[in-house]
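In what follows, a structure is listed as C-alpha cells, so that the remarks can point back to it.
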Amino acid sequence: KQEVTQIPAALSVPEGENLVLNCSFTDSAIYNLQWFRQDPGKGLTSLLLIQSSQREQTSGRLNASLDKSSGRSTLYIAASQPGDSATYLCAVKRTWGSGYALNFGKGTSLLVTP
Amino acid sequence: NAGVMQNPRHLVRRRGQEARLRCSPMKGHSHVYWYRQLPEEGLKFMVYLQKENIIDESGMPKERFSAEFPKEGPSILRIQQVVRGDSAAYFCASSPPWSTGELFFGEGSRLTVL
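Just so you know, the protein sequences line up as chains A and R, in that order.
Residue numbers for the first sequence follow my numbering, beginning at 1 and rising by one.
Residue numbers for the second sequence follow my numbering, beginning at 1001 and rising by one.
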C-alpha cells in the first residue's frame, strides 16, 4: 500500500526566504507525482506534474524534483511571498492498469510573514 | 474554459437525510474522480468514473454511498442516510482521456451533518 508523507507539517518563514518542502512515498512504482496548492476553504490548484521518467519540473519560482529510487520529492520555492501562504499537497499516482487515483500526503501548511 | 464545477459548495443535512453532490468536469474531460477530505486527514480516493461507467470504486464505503456519471449531465455522488462521520469536504477532479495523468480539481462541496 502506498503511503505518502510530507514533512514538515507546518512551516513559517519570513518573506524573501527560499524554502524546501519534502514528500516521501513508500512504493517507488509510480506513474507520476503532482504538487498542489490548497487555500483555506478552497479547492486544489495544480502546481507541477512530474512524470516517473523525469527528474524535475520548473514553473516560475517553483521547482519540483523527483527521485523515484529513494521515494522522495521536494518542492523548492524561491524568494517566498506572503501570497505563497497555503497548504501544499503532494500526490502520487499508482501504476496499476487503469485510472488516475492519487495517493495524497496530509500536506505542509506554509505561512510566509511580511 | 470553465474549470471543474461543483455544487452545492456547502450543504447541511440532518442525520438520516440524503446528500447529493454534483460535479461538472472541465470541457472535453470525460474522466471524473471523487475524493473525500476529512478534518485533519489527507484526501482519500473514493471513485473513478467515465461516462456511464464506474471504473474503480475501491475507495467507496460499501454502504450508503453511490456515484454515477450519466451520458448527459453532471456526475453525482449520493450519500444516503447521512451520519455525522460523513461531514467532510468532497472534491471532484477531472481529466481528459489523453491525459498525462494530471488532475484538475473543483472547489469542493462541504457537507455538514447535524
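Here a beta-carbon is modelled for each residue, glycine too, at the ideal position from N, C-alpha and C.
This structure is a prediction, so every number in the text was calculated from the model and none was measured.
Could you compute how far the alpha carbon of residue i sits from the alpha carbon of residue j?
i                        : j                          : result
serine 28 of chain A     : serine 52 of chain A       : 9 angstroms
glycine 71 of chain A    : cysteine 1092 of chain R   : 27 angstroms
glutamine 34 of chain A  : serine 73 of chain A       : 10 angstroms
leucine 1114 of chain R  : serine 109 of chain A      : 28 angstroms
threonine 95 of chain A  : glutamate 1102 of chain R  : 14 angstroms
serine 98 of chain A     : proline 14 of chain A      : Any reading at serine 98 of chain A must be qualified, since the residue scores a pLDDT of 48, below 50, and its modelled position is unreliable; the value itself is stated next. Those two C-alpha atoms are separated by around 43 angstroms.
arginine 1110 of chain R : tryptophan 1098 of chain R : 30 angstroms
Hey, would you say residue i sits closer than 8 angstroms to residue j, going by beta carbons?
i                             : j                             : result
arginine 1015 of chain R      : valine 1083 of chain R        : yes
glycine 83 of chain A         : glutamine 6 of chain A        : no
valine 1004 of chain R        : phenylalanine 1069 of chain R : no
leucine 44 of chain A         : glutamine 57 of chain A       : no
phenylalanine 1095 of chain R : threonine 1112 of chain R     : Here residue 1095 of chain R turns out to be serine, not phenylalanine, going by the sequence shown. No; because the gap between Cβ atoms is not below 8 angstroms, this pair is not in contact.
alanine 122 of chain A        : arginine 61 of chain A        : No answer is possible for residue 122 of chain A: it lies beyond the span of chain A, which begins at 1 and ends at 114.
What is the DSSP secondary structure of residue i, reduced to helix, strand or coil?
i                         : result
proline 82 of chain A     : helix
arginine 1064 of chain R  : coil
aspartate 1056 of chain R : strand
arginine 1009 of chain R  : coil
arginine 1084 of chain R  : helix
alanine 38 of chain A     : Note on residue identity: the sequence assigns glutamine, not alanine, to residue 38 of chain A. Three-state DSSP puts glutamine 38 of chain A in a strand.
Compare the Cα-Cα distances from residue i to each of the options and report the closest residue.
i                          : options                                       : result
glutamine 1006 of chain R  : R:Phe1065, R:Tyr1090, R:Thr1112 and R:Glu1068 : R:Tyr1090
valine 1047 of chain R     : R:Asp1056, R:Glu1040 and R:Glu1018            : R:Asp1056
isoleucine 1054 of chain R : R:Glu1072, R:Ser1095 and R:Val1032            : R:Val1032
serine 76 of chain A       : A:Ser69, A:Ser65 and A:Ala86                  : The sequence given here places tyrosine at residue 76 of chain A; serine does not occur at that position. Here the closest residue by C-alpha is A:Ser65.
arginine 1078 of chain R   : R:Glu1018, R:His1010 and R:Arg1009            : R:Glu1018
glutamate 1040 of chain R  : A:Glu15, A:Ser59 and A:Ala10                  : A:Ala10
glutamate 1072 of chain R  : R:Arg1013, R:Pro1025, R:Leu1011 and R:Arg1020 : R:Pro1025
proline 114 of chain A     : A:Lys1, A:Glu3, A:Gln2 and A:Glu17            : A:Glu17
Classify residue i: buried if its beta carbon has 16 or more other beta carbons within 10 angstroms, exposed otherwise.
i                         : result
aspartate 39 of chain A   : exposed
glutamine 1037 of chain R : buried
proline 1034 of chain R   : Note on identity: in this sequence residue 1034 of chain R is tryptophan, with proline being the wrong assignment. Buried, since its Cβ has 16 or more Cβ neighbours within 10 Å.
arginine 1009 of chain R  : exposed
Interface residues of chain D around residue i at Cβ under 8 angstroms?
i                       : result
glycine 1042 of chain R : Checking the listed chains, one finds no chain D in this structure; the protein chains it contains are A and R.
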